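Remarks on the structure that follows.
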Amino acid sequence: MVSDNSFVAEQPLGILLPLDPDWSIRIDTAQRLRTVWHGRKTPFLFTDQRRRRIGHALRTTDAKQSGARLRDIAIAYFGAGRIGAEPWKTSALKAQVARLARYGEVLVSDGYRQLLRGKTAARSQE
47 MVSDNSFVAE QPLGILLPLD PDWSIRIDTA QRLRTVWHGR KTPFLFTDQR
97 RRRIGHALRT TDAKQSGARL RDIAIAYFGA GRIGAEPWKT SALKAQVARL
147 ARYGEVLVSD GYRQLLRGKT AARSQE
């Protein structure tokens, strides 16, 4: 793909894409990049709910890697009152934060590639 848009550069720009199993994904991404270069918006790849979940999962993973406990993360998301309202050991909120942490770890390891391929975290672990 080559751009002759002077807005982007003085010289035409090119993108080198390997001919691998992810070729179609790379082409789609390059086309999305070209659309942005031309000042147009591209449609979101994921729903609002999916983007929020991905963001929470990655923030949860970052917090865990920085030493935060699941309870601390849950308090940040849901508030101390809600977390204190039920026994932590059997809390549904604890389970939810633990799932977010696992999903975030999958995304960080190789799950981001699976997302681009249109697969879910569950399928990426197989």
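Position one of the sequence shown corresponds to residue 47 (the numbering used here), numbered consecutively onward.
Don't be surprised by glycine CBs; every beta carbon is placed ideally from N, CA and C.
Quick caveat: nothing in here was measured; it's all calculated off a predicted structure.
Inter-residue spacing [alpha-carbon to alpha-carbon] between residue i and residue j
i    : j    : result
W69  : K110 : 34 Å
L62  : A126 : 50 Å
T93  : R86  : 20 Å
L162 : Q77  : 14 Å
V103 : V143 : What sits at residue 103 in the sequence shown is Ala, not Val. Using only the alpha carbons, I get a separation of about 8 Å.
P67  : A138 : 40 Å
P64  : V152 : 25 Å
W159 : I100 : As written in the sequence, residue 159 is Arg, which differs from the Trp given in the question. Approximately 13 Å between the Cα atoms of the pair.
Nearest neighbour of residue i, chosen from the options [CA to CA]
i    : options            : result
L116 : L146, G127 and H84 : L146
D108 : G60, V154 and L59  : V154
Beta-carbon spacing of residue i, residue j below 9 Å
i    : j    : result
I129 : A141 : no
G150 : T106 : yes
R80  : F90  : no
Practice task
Write down every uninterrupted run of the alpha helix (DSSP H) in the segment 85 to 147 whose length is 4 residues or greater and which is fully enclosed by it, in chain order.
Solution key: 94 to 111, 116 to 124 and 126 to 130
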